[in-house]
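Everything on this sheet refers to the single structure shown next.
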Amino acid sequence: MHIRFEKYDHTEGKHRYCLLSLTPTLFGDWCVERVSGPLNAPGGAQKRTYFAGHAEALAIFEGFRDRQLKRGYAPIPVQLGLL
Numbered sequence: 182m183h184i185r186f187e188k189y190d191h192t193e194g195k196h197r198y199c200l201l202s203l204t205p206t207l208f209g210d211w212c213v214e215r216v217s218g219p220l221n222a223p224g225g226a227q228k229r230t231y232f233a234g235h236a237e238a239l240a241i242f243e244g245f246r247d248r249q250l251k252r253g254y255a256p257i258p259v260q261l262g263l264l
């Protein structure tokens with residue numbers, strides 16, 4: 182599951198993004214990944230957290246999603262490329 186958020190602050194002219202991902206690992210665990218930073222500028226952060234169960238990982242993922250929505254980020258449709 183992947184969700185991309187973007188936020189544009191017109192007063193300060195800042196354009197930021199946040200990408201949340203919930204994916205299974207090869208060992209049966211679940212990974213919640215957060216990538217965020219400014220668009221078209223250097224910098225940013227990436228953080229991965231691993232969980233043994235899907236329910237726990239999904240709860241954390243939904244918490245991050247709700248937090249971004251409260252901060253004013255708008256969800257952007259993501260189309261993943263085919264390999």
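Mapped onto this note's numbering, the consecutive letters of the sequence shown carry residue numbers 182 to 264.
Even glycine gets a Cβ: it sits at the ideal position worked out from N, Cα and C.
What you are looking at is a predicted structure, and each value in this text was computed from that prediction instead of being measured.
Of the residues assessed, Tyr254 falls on the buried side of the cut-off, its CB having 16 or more other CB atoms within 10 angstroms. For Glu214, the beta-bridge partners assigned by DSSP are Ser202 and Arg229.
Scanning its chain for C-beta atoms nearer than 6 Å, with the 5 sequence neighbours on each side dropped, one finds around Leu200 the residues Arg185 and Val216, in chain order. Spatial neighbours of Arg248 in its own chain (CB-CB distance under 6 Å, excluding positions within 5 residues in sequence) are not present. By the Cβ-count criterion, Ala222 is exposed, with fewer than 16 other Cβ atoms from all chains shown falling within 10 Å of its own Cβ.
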